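Enquirer: Once you've had a glance at the structure underneath, I'll fire off some questions.
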Amino acid sequence: MSVKVSMKVNGKAVSGEVEERTLLVTFIRELLRLTGTHVGCDTAQCGACTVSMNGAAVKSCSMLAMQAEGADITTIEGVAAADGTLHPMQAAFKEHHGLQCGFCTPGMVMNAIDFAKKHPGASEHEVREALEGNLCRCTGYHNIVKAIMAGSKAMAGAK
Amino acid sequence: MSASLIGARVQRKEDYRFLTGAGQYTDDVILPHQSYAAFVRSPHAHATIKSIKTDKAKKAPGVLGVYTGEDAAAAKLGGLPCGWLITDVNGQPMKEPPHPVLAQGKVRYVGDQVAVVVAETAEQARDAAELVEVNYDVLPAVVDAAKATQKGAPALHEIAPDNTCYVWALGDKAAVDAAFAKAAHVTKLEFVNNRLIPNAIEPRAANGSYNRAEDGYTLYVANQNPHVERLLMTAFVMGLPEHKVRVVAPDVGGGFGSKIFLYPEDVVVTWASRQLGRPVKWTAERSESFLTDAHGRDHHTIAEMAMDKDGKFVGMRVHTTANLGAYLSTFASAVPTILYATLLSGQYTTPLIYCEVKAVFTNTAPVDALRGAGRPEATYVVERLVETAAREMKLDPTEIRRRNFVRQFPYQTAVALQYDTGNYEATLDAALKMADVAGFAKRKEEAAKRGKLRGLGYAAYIEACGIAPSAVAGSLGARAGLFEAGEIRVHPTGSVTVFTGSHSHGQGHETTFAQVVADRLGLSVENVDIVHGDTSKVLFGMGTYGSRSIAVGGTAIMKALDKIIDKGKKIAAHLMEASEGDVEYDKGIFKVSGTDKQKAFGEIAFAAYVPHNYPHDKLEPGLNENAFYDPSNFTFPAGSYVCEVEIDPDTGQTKIVNFTAVDDFGKIINPMIVEGQVHGGLTHGIGQALTEGCRYDPDSGQLVTGSFTDYCIPRADDVPSYQLDTRETPCTHNPLGVKGCGEAGAIGAPAAVMNAITDALWSMGVKDVPMPATAQTVWKAIQNASKKAA
Ligand code: FES
Ligand code: FES
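Residue numbers (the numbering used here), protein chains in the order written: chain A, 1 to 159; chain H, 1001 to 1790.
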């Protein structure tokens, strides 16, 4: 059975025909061709698929496109400013070398922005715990943690 | 003149696209008329295929084609080749059983590919794959290498009835035995180097397409060495001429070795694209990655070190059984031999070493190179022995190392390698200081008051990188050269595009290599772009593995730069009416020595492309050079790691409270990137030591650890922040003085962690703890020890 879904993605109204079982991540990647959101697992553990839905980070591999009906979604493509200036969290990842192959990065950044908003001034330990659901095989997390601490600070300062 | 770019923490040129979701990984490539493949895989570890029925699947919605081993055989698709021939102790070649791209009559591990379904969508392909009916006769399976060679074990391949691929040895056994007979003390350990599943976060993917107009193929594939992939696929499997196949490895989401190899899926989608006249894409689900990515390690080893009364090493004896899995993967045979036994000298002057390796087929996924590839296994052998020997002989573990360090270079080891340079004492001293080893006793005491056990462990590793001098590799069985190629294309206005055969899948070549070129040409990094990963753009390449990119690929680029500068001097001499011999060059400026006449690099580039005033009688226009570089030796990065752990004896939980790594990578181009490589490597190594262990069910051969819930790659809260430093002895045989850094952490960390754990438990009588040292494993070790003591 195909169904129609409509939502806002990166500020634009979008809609499309999907199967009932179509995952949100498939909708984003295949139908909208926003391939910055990645798929790294099939057990909802790697976090590479993380997007923001109505202001909260969610794993788009573990929900149906239908569940996002009417939602306001931001993917990694919608994070930088319109003129291309990086969001303070993105800038912090660059400055602190918080990415290597880049595959986990979109999910890391989406989760980090959500976390920083909710937990300004978090400790290193809290940042590490917040990354429980985001796997990275390249960086050893050291610089991701540094980047998130710095990015949080920058976000707080930018307010 | 601008400050040197060599050694500068330049931020990465590639980051912007990755941070904004603009990276292009293989699965992101959607071609016109794209179709999708799903593989039917064996649910059994060992079985004969009685029949395959595909009619239901063929009729399923959206299905374009279903192919089995029969179709592959009819199309004369060859088996996957092994790139390294090992000759056994009797002078016989290793056993090379066929490795079909789709099973031929038999399956040999859970996940072995039996058929492929291609459909309009990935979901339809997966649905239809469920409808392929395969009738199996299940056979007994064996997953453990030691059991596989026992009498009566089920045989996987006709040509290897005892499941043995080869028995190989290095060293003079009689001389080593004699040294042991005279030794004052012998330390002996028996352990398993645990099997690992690579788990790059980007799953493997391949998208093949056939273009009828060109009668050629394009394969997008998540791969570390596109030219090697092409060579193996065209020459050995598909019987195609290379110029008809373009292989593109675009952005690749981590490799760690697992994306070096030619996999069956790569061939099948390429072949199927021609059958269907449509591009065919396959992307692994994570469960397929667990089942079918080539795994790593899996050694069972008995290791012995012989010492004189002062703790000087007089001999070493190692017997290893290596599990190769069900088939020989691309470089599988070289990993437990050439990349392992040759490293057993470590940082020490051990005069006599004997190593014997039995490599065995089992009903498990193929095993091949994984970050470090043989060298982590070797370092584990050496450093566990050394530390245990020190404790048994009541010597400080650093003291026994100092008594045995190599101090004269070049140093010829007993196991074929010649170290060009190093300073092992320097990295050890720096690590001791940084880790505050002097304060450890106090910290241990304080922890004891809280009921916790503290331990301190060391690892002094060495690795052979910059793989490899082709002639040496060839004499050892390599079936390919191991040089690298690079091309410098200078544009008329002086900006530069560099083409390299190295491949970046996270290492940051686009930045590091740009620094090398920009520094030499006096350009800004922004004016140098690096192109890699496409056989239609890059002249040739052997790819990235074995920490070889900067040492071999970087040197090829330096050689091409030499040619550019040589030609530039000729042009400059003409323009400035000087003799070529009088033209000096430094960072973008051509000068006539002893005068104030000079020309900038950009002016020379312009003259080369707008050759109005030009020495046409002597020179061609244009400024474009390439070079191939074949190294004269390996490089030998080395370092000292110190790990401090705290164990909760009630739960067995081990926490790494401090990890210090001091490495000698020779000259460093970009310290920020190098540190990132070390962080990643250390975490991989700590994963091996504490959390990662692949398990197959011994009876059914099912993979028990087939998801991230059962197989624990380190999370952010499993690892500490690291303390890093470097010491520098430049490599003596490449112009940059570089050695490579990508694997060091994974090589040194496991031994450091396990030495720390055994240090904490030594007084309880625990001599060895198996990896991964999970809470349960450590708790058991403590319980067993206290039972014995009682
Ligand atoms: S793809 Fe969503 S958590 Fe892994
Ligand atoms: S940067 Fe490669 S997985 Fe995180």
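Each residue gets a CB set at the ideal place from its N, CA and C atoms; glycine is no exception. Everything numeric in this text was worked out from a predicted model, so none of it was measured.
Can we say the stretch 1509-1522 of chain H touches the stretch 1660-1676 of chain H, given the rule of at least three CB pairs closer than 8 Å?
Expert: Yes, the stretch 1509-1522 of chain H touches the stretch 1660-1676 of chain H.
Enquirer: Using CA coordinates, which residue listed in H:VAL1357, H:ASP1617, H:ALA1661 and H:LYS1587 is at the minimum distance from H:PHE1601?
Expert: Of H:VAL1357, H:ASP1617, H:ALA1661 and H:LYS1587, the residue nearest in Cα terms is H:LYS1587.
Enquirer: Just how far apart, CA to CA, sit H:MET1001 and H:ILE1565?
Expert: Any reading at H:MET1001 must be qualified, since the residue scores a pLDDT of 42, below 50, and its modelled position is unreliable; the value itself is stated next. Taking the straight line from one Cα to the other gives about 18 Å.
Enquirer: Touch check for the stretch 1457-1469 of chain H and the stretch 1741-1754 of chain H: three-plus C-beta pairs under 8 Å?
Expert: Cβ pair count under 8 Å is three or more, so yes.
Enquirer: Is there at least one non-hydrogen atom of ligand 3 closer than 7 Å to the beta-carbon of H:THR1683?
Expert: The ligand content of the structure shown is limited to ligand 1 and ligand 2, which means ligand 3 is not among them.
Enquirer: Quick one: which residues of the stretch 131-149 of chain A get their C-beta closer than 9 Å to a C-beta of chain B? List them in chain order.
Expert: As a matter of chain content, chain B is missing from the structure shown, whose protein chains are A and H.
Enquirer: Under the criterion of a Cβ to heavy atom distance below 7 Å, does A:THR50 qualify as lining ligand 2?
Expert: Checking the Cβ of A:THR50 against ligand 2 gives no.
Enquirer: Taking buried to mean at least 16 other C-beta atoms within 10 Å of its own C-beta, is H:GLY1239 buried or exposed?
Expert: With fewer than 16 Cβ atoms within 10 Å of its Cβ, H:GLY1239 is classed as exposed.
Enquirer: With DSSP as the reference, label H:TYR1354 as helix, strand or coil.
Expert: H:TYR1354: strand per DSSP, three-state reduction.
Enquirer: Any idea what DSSP makes of H:TYR1210, helix, strand or coil?
Expert: Three-state result, H:TYR1210: strand.
Enquirer: Please report whether the beta-carbon of A:PRO106 lies at a distance below 8 Å from any beta-carbon of chain H.
Expert: Cβ-Cβ to chain H under 8 Å: yes for A:PRO106.
Enquirer: Please confirm whether A:LEU86 has its beta-carbon closer than 8 Å to some beta-carbon of chain H.
Expert: Yes, because at least one Cβ of chain H sits closer than 8 Å to the Cβ of A:LEU86.
Enquirer: Can you give me, in chain order, the residues of the stretch 1287-1305 of chain H that have a beta carbon less than 8 Å from any beta carbon in chain A?
Expert: Residues SER1287.
Enquirer: Note the first and the last residue of the continuous alpha helix (DSSP H) segment covering H:ARG1520.
Expert: Run containing H:ARG1520: 1509-1521, per the alpha helix (DSSP H) assignment.
Enquirer: Go through its chain and collect everything with a Cβ distance to H:ALA1129's Cβ below 6 Å, but skip five positions before and after it.
Expert: Taken in chain order, the residues that qualify are ALA1038, VAL1040 and VAL1117.
Enquirer: I'd like to confirm something about A:GLN67: is its beta-carbon nearer than 7 Å to some heavy atom of ligand 1, or not?
Expert: Outside the cutoff, so no.
Enquirer: For H:ASP1308, I'd like the list of residues in its chain whose CB is within less than 6 Å of its CB, leaving aside the five on either flank, ordered along the chain.
Expert: Hits under 6 Å: ALA1184 and VAL1314.
Enquirer: What do you get for H:VAL1100, buried or exposed, if any count of 16 or more other CB atoms within 10 angstroms of its CB means buried?
Expert: According to the sequence displayed, residue 1100 of chain H carries Pro and not Val. Buried, because 16 or more other Cβ atoms sit within 10 Å of the Cβ of H:PRO1100.
Enquirer: Measuring alpha carbon to alpha carbon, tell me which residue in H:LEU1395, H:LEU1521 and H:ILE1353 is nearest H:ALA1174.
Expert: Considering only alpha carbons, the answer is H:ILE1353.
Enquirer: Does the stretch 1561-1580 of chain H come close enough to the stretch 1608-1616 of chain H that 3 or more CB-CB pairs lie under 8 Å?
Expert: Judged by Cβ distances under 8 Å, the stretch 1608-1616 of chain H makes contact with the stretch 1561-1580 of chain H, as three or more pairs qualify.
Enquirer: Let me check one thing: in DSSP terms, what residues is H:ASP1586 bridge-paired to?
Expert: Answer is H:ILE1589.
Enquirer: Give a yes or no on whether the minimum CB-CB distance between A:GLY157 and chain H is below 8 Å.
Expert: No, A:GLY157 lies away from the interface with chain H (no Cβ there is under 8 Å from its Cβ).
Enquirer: Does the beta-carbon distance from H:LEU1031 to H:SER1209 come in below 8 Å?
Expert: Closer than 8 Å, so yes.
Enquirer: Hey, is H:PRO1772's beta-carbon within less than 8 Å of any beta-carbon in chain A?
Expert: Output row for H:PRO1772: interface = no.
Enquirer: List, from N- to C-terminal side, the beta strand (DSSP E) runs of 3 residues or more that fit wholly inside the stretch 1564-1632 of chain H.
Expert: With a minimum length of 3 residues, the continuous beta strand (DSSP E) runs that stay inside the stretch 1564-1632 of chain H are 1583-1586, 1589-1592, 1598-1600 and 1624-1629.
Enquirer: Could you tell me if H:ILE1201 is buried or exposed, where buried requires 16 or more neighbouring beta carbons within 10 angstroms of its beta carbon?
Expert: Buried: at least 16 other Cβ atoms inside 10 Å.
Enquirer: Can H:ILE1713 be considered in contact with ligand 2, in the sense that its beta carbon sits closer than 7 Å to one or more heavy atoms?
Expert: Result no, Cβ not under 7 Å from ligand 2.
Enquirer: Taking only beta-carbon atoms, is A:ALA122 less than 8 Å away from chain H?
Expert: By this cut-off, A:ALA122 is not an interface position.
Enquirer: Which word fits A:ASN54, buried or exposed, when buried means at least 16 other C-beta atoms lie within 10 angstroms of its C-beta?
Expert: Exposed.
Enquirer: If contact is defined by three or more beta carbon pairs under 8 Å, each pair taking one atom from either stretch, is the stretch 1372-1391 of chain H in contact with the stretch 1292-1312 of chain H?
Expert: They touch, by the three-pair rule.
Enquirer: Taking a Cβ distance cut-off of 8 Å, strictly less, list which residues of the stretch 40-67 of chain A are near chain H, in chain order.
Expert: Hits within the stretch, in order: GLY40, CYS41, ASP42, THR43, GLN45, CYS46 and ALA48.
Enquirer: Indicate whether A:LEU135 and A:CYS49 have their beta-carbon atoms separated by less than 8 Å.
Expert: No; because the gap between Cβ atoms is not below 8 Å, this pair is not in contact.
Enquirer: Strictly below 9 Å CB to CB, what residues from chain H border A:HIS119?
Expert: In chain order: nothing, as chain H lies at least about 15 Å away.
Enquirer: Does the stretch 1515-1528 of chain H touch the stretch 1440-1454 of chain H, meaning 3 or more C-beta pairs lie closer than 8 Å?
Expert: Taking 8 Å as the limit for Cβ pairs, the verdict is that the stretch 1515-1528 of chain H does not touch the stretch 1440-1454 of chain H.
Enquirer: For H:ASN1223 versus H:PRO1279, is the C-beta spacing smaller than 8 Å?
Expert: Cβ atoms of H:ASN1223 and H:PRO1279: not closer than 8 Å.
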